[in-house]
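Residue numbers (the working numbering): 22 to 172.
Just so it is clear, CB atoms sit at the ideal spot from N, CA and C, and this is done for glycine as well.
Taking it in order: structure first as structure tokens, then the write-up.
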């Protein structure tokens, strides 16, 4: 169970996970030892799933973000699992969601340019026999990107 102190710790770490335990303790009103125990428990319990650095895709030449909706031809479990596995393996895909509604999946694709997206489409989508259709939307502006969870 996550209590109020855990929530304060999670809020602080989602803003900056490079804080020392002493700095974290000062921010959340606790001791460094207590913060260390709680953070370790949050990691062990799977509440904190990773400690990462967010990188600006443009800094690495990935200036084109494309949102792709995918409709599968058949929704047999083995074919859905195959599709999920292929999407996890595709380095261009930064996010993949199985969704309800008109599409079966939504992909977020980060590539260098339109030509790179064309290669992605030809090698990852057109080659998949279980894709009925897909639609692409090129992102013009990233209005909000907030990889935090409200706690």
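Cα-Cα, which of the options is closest to residue i?
i: residue 111; options: 125, 137, 124, 97; result: 137
i: residue 135; options: 51, 82, 41; result: 82
i: residue 77; options: 42, 40, 115; result: 115
i: residue 163; options: 79, 149, 22; result: 79
i: residue 84; options: 101, 100, 133, 149; result: 133
i: residue 54; options: 35, 70, 30; result: 30
i: residue 120; options: 36, 101, 168, 27; result: 101
i: residue 39; options: 23, 24, 71, 172; result: 71
i: residue 62; options: 22, 32, 49, 148; result: 22
i: residue 184; options: 109, 166, 143, 66; result: Only positions 22 to 172 of the chain appear in the structure, and residue 184 is not among them; the question remains open.
i: residue 43; options: 24, 52, 99; result: 52
Considering only DSSP beta bridges, list what residue i is partnered with.
i: residue 127; result: 90, 118
i: residue 132; result: 85
i: residue 108; result: According to DSSP, which records beta bridges pairwise, residue 108 is partnered with nothing at all.
i: residue 157; result: 89
Quick one: what does DSSP say residue i is sitting in, helix, strand or coil?
i: residue 165; result: coil
i: residue 28; result: helix
**OP:** List in chain order: all unbroken beta strand (DSSP E) runs of 3+ residues lying wholly within the segment 46-80.
**Re:** none
Original post:
Is there contact here, the segment 44-61 with the segment 93-104, by at least three beta-carbon pairs under 8 Å?
Top reply: Contact fails: fewer than three Cβ-Cβ distances are below 8 Å.
Original post:
Taking one C-beta from the segment 153-168 and one from the segment 100-107 each time, how about it: are there three or more such pairs within less than 8 Å?
Top reply: no
Original post:
Okay, do the segment 126-143 and the segment 75-90 touch, 3+ Cβ pairs below 8 Å being the bar?
Top reply: A contact exists between the segment 126-143 and the segment 75-90.
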